[in-house]
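Protein chains: 2
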Amino acid sequence: MAETYRVGLLGHGTVGAAFEQLLSERAEQIAHVTGVRPEVSGVLTRSRGDFDAILADSDLIVELIGGIEPARDYVLRAMRAGKHVVSANKLLLASHGEELWSTAREHNVQLRFEGAVAGVVPVIRVLQESLAAAHVDRIHGIVNGTTNFILTEMARGGTSYEAALARAQELGYAEADPAGDVSGEDAAAKMAILARLAFSTPVTLDQVIYEGIEHITGEDMAYARDFGLALKLIGTAERVNGGISVRVHPAFLYPGHPLASVNGSFNAVTVESDAITEITLSGPGAGGPQTASAVLGDVISAMIPPASTPETTQSLPVVADVKSAFYLAMEVDDEPGVLAQVAEILGMQGASIKSVVQRGIPAGRARLVMVIHPLLESRFYGAVQLLARMPFVHAEPRAIRVLDEEFTD
Amino acid sequence: MAETYRVGLLGHGTVGAAFEQLLSERAEQIAHVTGVRPEVSGVLTRSRGDFDAILADSDLIVELIGGIEPARDYVLRAMRAGKHVVSANKLLLASHGEELWSTAREHNVQLRFEGAVAGVVPVIRVLQESLAAAHVDRIHGIVNGTTNFILTEMARGGTSYEAALARAQELGYAEADPAGDVSGEDAAAKMAILARLAFSTPVTLDQVIYEGIEHITGEDMAYARDFGLALKLIGTAERVNGGISVRVHPAFLYPGHPLASVNGSFNAVTVESDAITEITLSGPGAGGPQTASAVLGDVISAMIPPASTPETTQSLPVVADVKSAFYLAMEVDDEPGVLAQVAEILGMQGASIKSVVQRGIPAGRARLVMVIHPLLESRFYGAVQLLARMPFVHAEPRAIRVLDEEFTD
Ligand SMILES: NC(=O)c1ccc[n+]([C@@H]2O[C@H](COP(=O)([O-])OP(=O)(O)OC[C@H]3O[C@@H](n4cnc5c(N)ncnc54)[C@H](OP(=O)(O)O)[C@@H]3O)[C@@H](O)[C@H]2O)c1
Ligand SMILES: NC(=O)c1ccc[n+]([C@@H]2O[C@H](COP(=O)([O-])OP(=O)(O)OC[C@H]3O[C@@H](n4cnc5c(N)ncnc54)[C@H](OP(=O)(O)O)[C@@H]3O)[C@@H](O)[C@H]2O)c1
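So the sequence lines, in the order shown, correspond to chains Z and L.
409 is the number that the UniProt record's numbering gives the last residue of the first sequence; the numbers go up by one with no jumps.
409 is the number that the UniProt record's numbering gives the last residue of the second sequence; the numbers go up by one with no jumps.
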C-alpha cells in the first residue's frame, strides 16, 4: 500500500469539484508513477472547512477560490508553512505575483500555476523550463476561450455578436456575466503573467492595455473575408525599442499565421525567439475539467523528482494489424464494367469506396483513384493482391493510408 | 561572481558544436536565472579528450555522440558516478531505454532527452510532466523534418521525389546519405520513445512498423489534391484492442487535421486524452541549433529547483505606443475624389494604404474598407480623428488591428 500525499483543496466550484473528481479517478495511476497516493485531505468553501486545520493536515495546497482576498492570504500562509502551492488564479498572480514568487523562493517551496493561463496548453512549464534561458522576442496568444468561441461563431455563421454571445452562454462557454472575458481583461491578466516570465521584468495587470470584442460587427467579419483574414482576440507581449509592450486587442490574421486556424474555445500560444524560431502550443482553453487537468499536472510534478522516467507499469501487446482508411490508385483498361468489378473485389474483403475519380490516359487506359473507408490493413492488402492479378489492371496498384476522418474540424 | 556548474560534453559535431556556442552565449542569463554559471569543463571527440578525466571534472554530462556504443557505455558510467545526463540520442533511447532509465532511478540522477525527439518542440517534458498521469489514447506526430520538407516541396512545386530530395540536400535539410530519414527509421525510433512514455509499457525500435517516402510520386500528390488532402509522414502510437500500435507511414490528411498545415522542416505532435481532448505542439524540427536549444533547456532544468520563478533580472519600460497594421472601415459619400482625399489625410500621418475595397450602399453612400501598412498607433488614430471630422465621412470610422504580414507563410 502506497504512502499518502495529502492535498488540501481551497475552493470547490467549477474547477475545484472537477479537480477532486479527476484526482480520485487518477489516484491509482499516480501512485504507480510517483510511489505515493494523493488524497484530498480537506476542502474549504465559504460554508465548510477550516483553513488552519486543512493547512496542518496537508503536504500541498491547491487554491481554486479565485479573486484576491482571502486567496492571497491563504497562499502566503501555506508557503510560509513550507507547503507547495498550486493555483489557477490568474488575477492573483497578475496582481501580486512578485510577492508570491519571492515568498516561494524564500521558503524554498514550489508555486505552480499552469492552470492560470491557457487551460491544458502547457505554456507556463515551457516558458519556465524548456525556454528558461532563451531570449524570447515575442509571444502571441489566443488565451481566452470564450471570446475565441464567439468570434468563431460570428465568422462561421455570419452571426451577430449578440447572437454568438447568447449561443456561447447556452453552451456553457460564456458566463451569465461575460464582462471579464469579452472586455479582454481576463486575457490581459494572462498576458501579464506570460510577459513577466518571458522577459524577467515585473509586469502587472494594470500595465496591460486591453480592448475587447463587444464592438465587433458582422459587417467587419464580412469585409475581412474579402481580404482573406481571420479575426481573433490576440494577446501580444513583445520587446520594442529597449522596452516591452503587453496588450490585448482584436486583430485580423493572415491565413498563414499559426493562430489563424485556432477555432472554437481552443487556446494557442506562439513563442518566438532567435534560437528556436517559433513554437506553437494549442489545445482546449479554460473550462472545469481542462483546468483541473492542468492543476493535476502541477500537483504530480510537485510530488515526483524531476526528469524521472518511472518504471513501466504494464506490458501491453503491440498490435500489428490495425484499421486504416486508404487511397488506392490503379491503371486500368478504360472499358465499361471495370469500375464495377473493382468495387466487387474490394467489397469481398469488406472494403467500401468513399470517393472515386477516373481519368482517361493514353492507349485506351484510365487512371482510377479512390479513397476507401477504414478497414483492417490485412484485409485491404488482401484486396489489393487480388486486384493486382486482374487482367484489366496494369502496373502495381498504389496504396497510401488516409488519416481517419474523425479528425476533420 | 557566480559559482560554476561544470558540463562535460561528449561529441562536438553538428549538435555538440552548436550546443557549446549557445551555452557560452547564454551563460550570463543562465547565471542570473539559476545563480550558477554553466561552463564546458571538457570535450570528447574521437581525436581529443579523455572520458574519465571529463567525467571526474563534471557536474553533468551531455552526450551528443550518437549511435549505440560507446555512447551507451559513457551514459551508464556517468549515471553510476552520480552525474545527471542530457542526451539527444534517439537510437540509444529507443533501443536501450529501460536499462538507462532504471540506472537513472537507481542512482537517483536525472536523465533528460528532449532533444532526441522533436527538436525544440517540448513533447517529452509535456508527456512526462504535464501529462504524467493522463490516460493518453493516441499520439500523432510529424517527427522527421527532412521528410516533411521533401513532401512539402513535392506538394508545392509538383516536384518529383528525386528533385525534392536533391533540394533538401542542397539546403542542408537532408544528409548526403538520407536513408535513415526517408526510410522512416528515424521517425520510428522517436515514436518508440513517445509510446513508451505515453503508455508506460516497454517499446523498442524493433517493434515499430515503418514505411518511408521513397515510393511517393508526383502523381500521388496530384490526385490527392483532387480529394483536398495533404500528404505527410505520420507517426502513430495508439491504444487498440487492449494493446498498442506504434507505426510510421505516409498518410493523407484532411485539411481540418491539426497536422495538415505543418509545412517545411517543422515538426508537430498531437496528444489525445479524455481529460484534455487534444493538445498540439509544433515548431522547428531537428537541426543543430534547434536541438542544441532543447539540450540547453534540459541542462538548465537539471540546474534549477523545480517550479521556481526566479527574481526579475531587469525592469524594462512598458511601451504604450507601438506600430500596428490596421483595417479601417468608413461610410463615405459615393462621389469622385473622396478616396483621394482619404488617402491624402492618411498620408499626412504617414499611413499608407495596402489594399482597398469600395462598395456602393443605399442613399448615395459607399463603404470604404482598407488595410493600412504598419505605423505607430498614435499616428494612425490621429488620422482617424481627422477623417471622422470630414464632411464626406458618415458615422464613426471603424479600426481593427491586423497582425503584421511578416508571419505569413
Ligand atoms: N472556471 C474556469 O473555467 C477556470 C479556468 C481557469 C482558471 N480558473 C480559475 O480557477 C479559480 C476558481 O474558479 P471557479 O470557476 O472554480 O470558481 P467558482 O466556481 O466560483 O468556485 C469558487 C469556489 O471557491 C469558494 N470560495 C469563494 N470565496 C471563498 C472564501 N472567501 N472562502 C472560502 N471559499 C471560498 C466557493 O465556495 P462556495 O461554494 O461556498 O461559494 C467555491 O467553492 C479562479 O481563480 C479562476 O480564475 C477558472
Ligand atoms: N543533427 C541533428 O540535427 C540532430 C537532431 C536531433 C538529434 N540528433 C542527435 O544528436 C546526436 C549527435 O548528432 P550530430 O548530428 O551532432 O552528429 P555528428 O555531427 O556526427 O557528431 C558526432 C560527434 O561525436 C563524436 N564521436 C563519434 N564517435 C565517437 C567516439 N567513439 N568517441 C568519441 N567521440 C565520438 C564525433 O567526433 P569526431 O569529430 O572526432 O568525428 C563528433 O564530434 C545523435 O545522437 C543524433 O541522433 C541530431
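We treat Cβ as the ideally placed atom computed from N, Cα and C, and that holds for glycine.
- Counting along the chain, the unbroken beta strand (DSSP E) around Z:Q358 starts and ends at 353 to 361.
- For L:F199, the nearest CB of chain Z lies under 9 Å from its own CB, placing it at the interface with that chain.
- Per DSSP, the beta-bridge partners of Z:T270 are Z:H140, Z:T280.
- In the three-state reduction of the DSSP assignment, L:Y327 falls in the strand class.
- In the displayed model, L:I244 falls within a strand according to three-state DSSP.
- Residue state for L:K232 is assigned as strand, using DSSP reduced to three classes.
- Around Z:S315, the beta-carbon contacts reaching into chain L at under 9 Å are T201, P202.
- Contact between Z:L22 and L:A275 holds, with the beta-carbon distance rounding to 6 Å and staying under 8 Å.
- With distances taken between CA atoms, Z:P317 lies nearest to L:I244 out of L:Y173, L:V342, L:R156, L:I244.
- The Cβ neighbour count for L:P284, taken over all protein chains shown within 10 Å, is at least 16; the residue is labelled buried.
- Against Z:G283, the close residues of chain L are I276, T277, E278, I279, T280, in the order they occur along the chain (beta-carbon pairs closer than 8 Å).
- No Cβ of chain Z is located within less than 9 Å of the beta carbon of L:R6.
- For L:P391, none of the residues of chain Z pass the 9 Å Cβ criterion, the least Cβ distance being about 23 Å.
- Closest in alpha carbon position to Z:V143, among Z:V117, Z:H135, Z:Q29, is Z:V117.
- Contact check for L:I234 against L:H140 passes: the beta carbons are separated by less than 9 Å.
- With its beta carbon less than 9 Å from one in chain Z, L:T217 belongs to the interface.
- Chain L has no Cβ within less than 9 Å of the Cβ of Z:Y161.
- Considering only L:P289, L:T291, L:V393, L:H32, the residue with the shortest C-alpha distance to L:L339 is L:V393.
- The C-beta distance from Z:V123 to Z:L205 rounds to 18 Å, too long to fall under 8 Å, and the pair is not in contact.
- DSSP, reduced to helix, strand and coil, places L:F199 within a helical segment of the structure shown.
- Against chain Z, a Cβ distance below 7 Å from L:H249 picks out R401.
- Taking 9 Å as the cut-off, the Cβ atoms of Z:S265 and Z:G157 do not count as close.
- By the neighbour-count criterion, in which 16 or more other beta carbons inside 10 Å mark a residue as buried, L:A388 falls on the exposed side.
- Rounded to whole angstroms, the separation of the alpha carbons of Z:L151 and L:Q385 is 27 Å.
- Within the stretch 220 to 233 of chain L, D220, Y223, A224, D226, F227, L229, L231 place their CB atoms closer than 8 Å to a CB of chain Z, listed in sequence order.
- With a beta-carbon spacing of about 6 Å, Z:L55 and Z:A78 fall inside the 8 Å limit used to define contacts.
- The beta-carbon of L:P397 is placed no less than 9 Å from the nearest beta-carbon of chain Z.
- Interface annotation, Z:Q290: in contact with chain L, CB-CB separation under 9 Å.
- In the DSSP assignment, the residues bridged to L:H394 are L:E331.
- Distance from the Cα of L:A27 is smallest, within the candidate group L:F19, L:P38, L:E20, for L:P38.
- In this structure L:L259 touches L:T270 by the C-beta definition: roughly 7 Å separates them, less than 8 Å.
- The alpha-carbon separation between L:I400 and Z:L171 amounts to approximately 28 Å.
- Among the residues of chain L, those whose CB is under 8 Å from the CB of Z:S245 are V318, V319, A320, V322, following chain order.
- Per DSSP, Z:T152 lies in no beta strand (DSSP E) segment; the continuous alpha helix (DSSP H) that holds it begins and ends at 145 to 157.
- In the three-state reduction of the DSSP assignment, Z:E214 falls in the coil class, being assigned neither a helical nor a strand state.
- DSSP places Z:G382 in no beta strand (DSSP E) but in the uninterrupted alpha helix (DSSP H) bounded by 377 to 388.
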